[in-house]
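Quick notes on the structure that follows.
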Amino acid sequence: MPSIKHRGWAERLSCEISAAWAIAKKDMRIDYLKPNIIVSGIFFPLFMFLAFALGKNTPPGTLIPGLISITLLFSASSIEPVSIPIERRVKTFERLLAAPISLNSLVSGESLSGFLYSLGIACLPLAVGIFIFGTPIVHAPALVISMILTAFCFATLGTLFAAYPTENVGEVMSILNTVRLPLIFISGVFIPISAMPQIGQNIALISPLTYGNDMIEYAYTGKSLFSPVLDIAALVIFILIFQITANYLYKKFNE
Amino acid sequence: MQAIEVSHLIKKFGSLTALNDISFSVGEGETFGFLGPNGAGKTTTIRILTGVSRPTSGTAAIFGHDIERDKIAARQSMGIVSENSNVYDDLTAWQNMIFSAELYHVGRKEREEKANELLRKFELYDRRDDKVRGFSKGMKRRLTLAIGLVNSPRLLFLDEPTSGLDVQSNLIIRDVISDLVLEGVTVFLTTHNIEEANVMCDRVAIINKGSIVAIDAPEALKKTIQSVQSIEFSFEHNSANQLDELSHLPMVNEAQKAGDKFKLYTEDPSEVINAVVDYAQMNKLKIVSIATLGPSLEDVFIRLTGLQRGEGIHAID
Chain A
619 MPSIKHRGWA ERLSCEISAA WAIAKKDMRI DYLKPNIIVS GIFFPLFMFL
669 AFALGKNTPP GTLIPGLISI TLLFSASSIE PVSIPIERRV KTFERLLAAP
719 ISLNSLVSGE SLSGFLYSLG IACLPLAVGI FIFGTPIVHA PALVISMILT
769 AFCFATLGTL FAAYPTENVG EVMSILNTVR LPLIFISGVF IPISAMPQIG
819 QNIALISPLT YGNDMIEYAY TGKSLFSPVL DIAALVIFIL IFQITANYLY
869 KKFNE
Chain B
-17 MQAIEVSHLI KKFGSLTALN DISFSVGEGE TFGFLGPNGA GKTTTIRILT
33 GVSRPTSGTA AIFGHDIERD KIAARQSMGI VSENSNVYDD LTAWQNMIFS
83 AELYHVGRKE REEKANELLR KFELYDRRDD KVRGFSKGMK RRLTLAIGLV
133 NSPRLLFLDE PTSGLDVQSN LIIRDVISDL VLEGVTVFLT THNIEEANVM
183 CDRVAIINKG SIVAIDAPEA LKKTIQSVQS IEFSFEHNSA NQLDELSHLP
233 MVNEAQKAGD KFKLYTEDPS EVINAVVDYA QMNKLKIVSI ATLGPSLEDV
283 FIRLTGLQRG EGIHAID
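Below, the structure written as structure tokens:
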């Protein structure tokens, strides 16, 4: 059997992409296509959003960008922190770690499934906005790009937190939620960033949700705090940081 | 080229030294047993050889590929069958096979052919579309082994392949391993069943407290402790209180009762045979069978690891 080292880089890349896709398919079959996961993916962000948004004197259609943002945040980052500790417990994760693939492919494959799941779930508030409230989309390409980048960013964040070396799902989720829940309050989803005190505005700059939500707002309203180019650049930088950190942690924790 | 080449491997976890400068090699086509008590360093060694864990110092190479620098090429030529039957319960047997083949970059046509062939060989073909959740322990074990072979590995890591299995699964797995050996596949075997290692392995290494204490062919190892011989016999009417009396016969170092047989360890078998015959006559017992036995691989294992019989001999991992 020819070793991968002696194959061309293009073939090697193809192998890595195929392996990442195989991991994503496996996750979708095992975790994401279960009815309870889909239902919780839809209702958890919806109820959380309604809890904070109801009572505000604003037309319901204007709430759609925020609902899409937190749906992407919660659905993309929720499943890997559950599935990876379970895979550690039943020792199937060891199978992935010992496979002839790079850690990059492993992390990307795990994130890819969360990304696809999240995009699918986020289509529901998008459809509600279009077909029920008639919420206009000003820049459709910006919406597509922002949803893709935001979903991938938070899917990678979920995979990053799942690197914590435990077989206990609760441990990972508690750590993740201490980061994830504050994000929705400091990222302009409920309170515009411009209306926050200076310290809040400064903290908002280090939240990836700020840029994802800002660009989704831009897609719906044509207005945004930052330019769409800056939002895209920030999200790409966050994805790279999460990916590199996840690679490092999976390697470190398995030594 | 050696299938496995390990040189001065050291692994430390904080102040604990899990592997203390171990070196060994495994030739291509060889069946190599790796035995040791709990916590001896077997799992750590396998994790390093499969590239899951990194050594503190030293090197390991698989078919010439350094497991640190050329990890992916090294892994491509190996199959791994872990002790835990780590298959996905929520996938079907077929999906498990195909997923693993995809991870090992087996082409589409080849992986389907291989999955069909292996599921038939392991008598799982009729259940290929069933979720693994409903499989018995033996079926899961067979599937784990089938998955480990899906990339046609040149080197197979087998961790406790037949531990706790039903007879049918045990026979199938042993037959397949025998076939693999005939095909020239190198097998690195860890097992609780020392007799299994004795029968299957060309050479065995015994690891204890992070160091390899012996490495040789099973028969060569047995020759090193010829002083540990035993007499195995059975009376027509056995009783448990005979064991205590037999253990006090002259030249008997240790006495055991297993089923309807007694086993007396000694350095002088002829003297003990005479004593047993005298004991039988004195107690009006009829000897049904009697045989002298040389040292077993288990005896070697116990001698080298310092374990006591009955406390962990069958609980090594």
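Chains A and B supply the protein sequences, listed in that same order.
Mapping the first sequence onto my numbering, position 118 (from 1) lands on 736, and the numbers just tick up by one.
Mapping the second sequence onto my numbering, position 11 (from 1) lands on -7, and the numbers just tick up by one.
All C-beta atoms in this analysis are idealised placements derived from N, C-alpha and C, irrespective of residue type, glycine included.
Predicted model only: the values in this text are computed from it and were never measured.
Continuous beta strand (DSSP E) stretch holding residue i: start and end
{"i": "I30 (chain B)", "result": "Careful: I30 (chain B) lies outside any beta strand (DSSP E), inside the alpha helix (DSSP H) at K24 to L31."}
{"i": "E634 (chain A)", "result": "No beta strand (DSSP E) contains E634 (chain A), which is instead part of the alpha helix (DSSP H) from W627 to D645."}
{"i": "A716 (chain A)", "result": "A716 (chain A) -> no beta strand (DSSP E), and no H or E assigned at all."}
{"i": "T784 (chain A)", "result": "Here T784 (chain A) belongs to no beta strand (DSSP E), and DSSP marks it neither H nor E."}
{"i": "T172 (chain B)", "result": "T168 to T172"}
{"i": "D281 (chain B)", "result": "Note, D281 (chain B): premise wrong, no beta strand (DSSP E); alpha helix (DSSP H) at L279 to T287."}
{"i": "I648 (chain A)", "result": "Segment: none, I648 (chain A) is in no beta strand (DSSP E) and carries neither H nor E."}
{"i": "F751 (chain A)", "result": "No beta strand (DSSP E) holds F751 (chain A); DSSP gives it neither H nor E."}
Range of the contiguous alpha helix (DSSP H) that encloses residue i
{"i": "E705 (chain A)", "result": "E698 to R707"}
{"i": "E95 (chain B)", "result": "R90 to K103"}
{"i": "E10 (chain B)", "result": "Here E10 (chain B) belongs to no alpha helix (DSSP H), and DSSP marks it neither H nor E."}
{"i": "F808 (chain A)", "result": "No alpha helix (DSSP H) holds F808 (chain A); DSSP gives it neither H nor E."}
{"i": "C869 (chain A)", "result": "Reading off the sequence, residue 869 (chain A) comes out as Lys, not Cys. Per DSSP, K869 (chain A) belongs to the alpha helix (DSSP H) from P846 to F871."}
{"i": "D198 (chain B)", "result": "Not the alpha helix (DSSP H): D198 (chain B) falls in the beta strand (DSSP E), residues S193 to D198."}
{"i": "K119 (chain B)", "result": "K119 to G130"}
{"i": "I821 (chain A)", "result": "Q816 to A822"}
Cut-off 6 Å between Cβ atoms - residues of its own chain near residue i, not counting five sequence neighbours on either side
{"i": "I777 (chain A)", "result": "In the sequence as presented, Ile is not what sits at residue 777 (chain A); that position holds Thr. Here the set comprises E698, V725, E728, S729 and A864."}
{"i": "I272 (chain B)", "result": "F215"}
{"i": "I834 (chain A)", "result": "P683, I686, S687 and S764"}
{"i": "V167 (chain B)", "result": "L138"}
{"i": "E873 (chain A)", "result": "none"}
{"i": "K268 (chain B)", "result": "E218"}
{"i": "V874 (chain A)", "result": "For chain A, the structure presents residues 619 to 873; residue 874 (chain A) sits outside this window and is missing."}
{"i": "L858 (chain A)", "result": "none"}
Counterpart residues of residue i in DSSP-defined beta bridges
{"i": "L1 (chain B)", "result": "B:K(-7)"}
{"i": "H47 (chain B)", "result": "B:I44"}
{"i": "E214 (chain B)", "result": "B:K245 and B:A273"}
{"i": "Q58 (chain B)", "result": "Looking at the DSSP assignment, Q58 (chain B) forms no beta bridge with any residue, so it has no partner."}
{"i": "F770 (chain A)", "result": "DSSP lists no partner for F770 (chain A)."}
{"i": "S39 (chain B)", "result": "B:I(-8)"}
{"i": "I(-14) (chain B)", "result": "B:V8 and B:I44"}
{"i": "F16 (chain B)", "result": "B:A187"}
{"i": "A237 (chain B)", "result": "B:L246"}
{"i": "K113 (chain B)", "result": "B:T74"}
Contact list for residue i against chain A, beta-carbon separation under 9 Å
{"i": "D72 (chain B)", "result": "R647, I648, D649 and K652"}
Contacts that residue i makes with chain B (C-beta to C-beta distance below 8 Å)
{"i": "A637 (chain A)", "result": "E84, L85 and H87"}
Contact list for residue i against chain B, beta-carbon separation under 7 Å
{"i": "P800 (chain A)", "result": "Residues of chain B passing the Cβ test: none, with the nearest at roughly 34 Å."}
{"i": "N872 (chain A)", "result": "V34 and S35"}
{"i": "L633 (chain A)", "result": "As written in the sequence, residue 633 (chain A) is Cys, which differs from the Leu given in the question. Chain B residues near C633 (chain A): H87."}
Same chain only: Cβ atoms within 8 Å of residue i, ignoring 5 sequence neighbours per side
{"i": "I189 (chain B)", "result": "I4, F16, L17, G18, A22, G23, K24, T27 and V195"}
{"i": "Y107 (chain B)", "result": "N98 and L101"}
{"i": "P620 (chain A)", "result": "Residue confidence is low: P620 (chain A) scores 45 on pLDDT, short of 50, so the model does not pin down where it sits. No coordinate-derived value is stated."}
{"i": "D299 (chain B)", "result": "Summary for D299 (chain B): the model assigns pLDDT 35, below 50, so the residue's position carries little reliability; its value from the coordinates is reported in the next sentence. Excluding residues within five positions, the ones whose Cβ falls inside 8 Å are N20, K24, T25, E65, E142, T172 and H174."}
{"i": "A0 (chain B)", "result": "K(-7), K(-6), G23, T26 and G192"}
{"i": "Q77 (chain B)", "result": "Y70"}
{"i": "A222 (chain B)", "result": "K239"}
{"i": "I(-14) (chain B)", "result": "F6, S7, V8, F14, L31, A42, A43, I44, L137, T168 and F170"}
{"i": "E634 (chain A)", "result": "I719, S720, N722 and S723"}
{"i": "F803 (chain A)", "result": "I809"}
{"i": "A642 (chain A)", "result": "G727, E728, L730, S731 and L734"}
Short CB-CB distance (under 8 Å) between residue i and chain D
{"i": "T710 (chain A)", "result": "Annotation note: the requested chain D is absent from the structure, which comprises protein chains A and B."}
Under 8 Å from the C-beta of residue i: neighbouring residues of chain A
{"i": "Q(-16) (chain B)", "result": "In chain order: nothing, as chain A lies at least about 16 Å away."}
{"i": "F81 (chain B)", "result": "A640, K643 and K644"}
{"i": "I62 (chain B)", "result": "R713 and A716"}
{"i": "N20 (chain B)", "result": "Within 8 Å Cβ-Cβ: nothing; N20 (chain B) doesn't reach chain A, min ~18 Å."}
{"i": "N68 (chain B)", "result": "V708, K709, T710, E712 and R713"}
{"i": "R57 (chain B)", "result": "A716, A717 and P718"}
Under 9 Å from the C-beta of residue i: neighbouring residues of chain B
{"i": "S720 (chain A)", "result": "K53 and I54"}
Close beta carbons around residue i, own chain, < 7 Å, minus the five adjacent residues each side
{"i": "A199 (chain B)", "result": "D184 and R185"}
{"i": "S(-11) (chain B)", "result": "S5, G40 and T41"}
{"i": "I755 (chain A)", "result": "L761, A837 and Y838"}
{"i": "E293 (chain B)", "result": "Residue confidence is low: E293 (chain B) scores 49 on pLDDT, short of 50, so the model does not pin down where it sits. Its coordinate-derived value is still stated next. Closer than 7 Å at Cβ, skipping near neighbours: no residue."}
Proximal residues of chain A, C-beta to C-beta of residue i below 7 Å
{"i": "Q238 (chain B)", "result": "Correct list: empty, because the minimum Cβ distance to chain A is about 35 Å."}
Touching by the beta-carbon criterion (3+ pairs, under 8 Å), the stretch 81 to 97 of chain B and the stretch 43 to 51 of chain B: No, the stretch 81 to 97 of chain B does not touch the stretch 43 to 51 of chain B.
Cβ contact check for the stretch 633 to 652 of chain A and the stretch 742 to 760 of chain A: 3 or more pairs under 8 Å: Three or more Cβ pairs closer than 8 Å define a contact, and the stretch 633 to 652 of chain A falls short of that threshold against the stretch 742 to 760 of chain A.
Any 3 or more C-beta pairs closer than 8 Å across the stretch 746 to 760 of chain A and the stretch 776 to 791 of chain A: Below 8 Å, too few C-beta pairs join the stretch 746 to 760 of chain A and the stretch 776 to 791 of chain A to call them touching: fewer than three.
contact_flag[the stretch 51 to 71 of chain B, the stretch 30 to 39 of chain B] where n(CB pairs < 8 Å) is 3 or more: Yes, the stretch 51 to 71 of chain B is in contact with the stretch 30 to 39 of chain B.
Cβ pair count under 8 Å reaching 3, the stretch 769 to 783 of chain A against the stretch 824 to 840 of chain A: Contact check between the stretch 769 to 783 of chain A and the stretch 824 to 840 of chain A: three or more CB pairs, one atom from each, fall below 8 Å, which counts as touching.
Contact the stretch 117 to 129 of chain B vs the stretch 61 to 79 of chain B: 3+ CB pairs below 8 Å: Counting Cβ pairs under 8 Å, three or more are found: they touch.
Segment contact, 8 Å Cβ cut-off, at least three pairs: the stretch 226 to 233 of chain B with the stretch 246 to 255 of chain B: Using a Cβ-Cβ distance cut-off of 8 Å, the stretch 226 to 233 of chain B and the stretch 246 to 255 of chain B are in contact, since at least three pairs of beta carbons, one from each stretch, lie closer than that value.
The stretch 112 to 124 of chain B in contact with the stretch 146 to 159 of chain B per 3-pair CB rule at 8 Å: The stretch 112 to 124 of chain B, when compared against the stretch 146 to 159 of chain B, does touch it at the 8 Å Cβ threshold.
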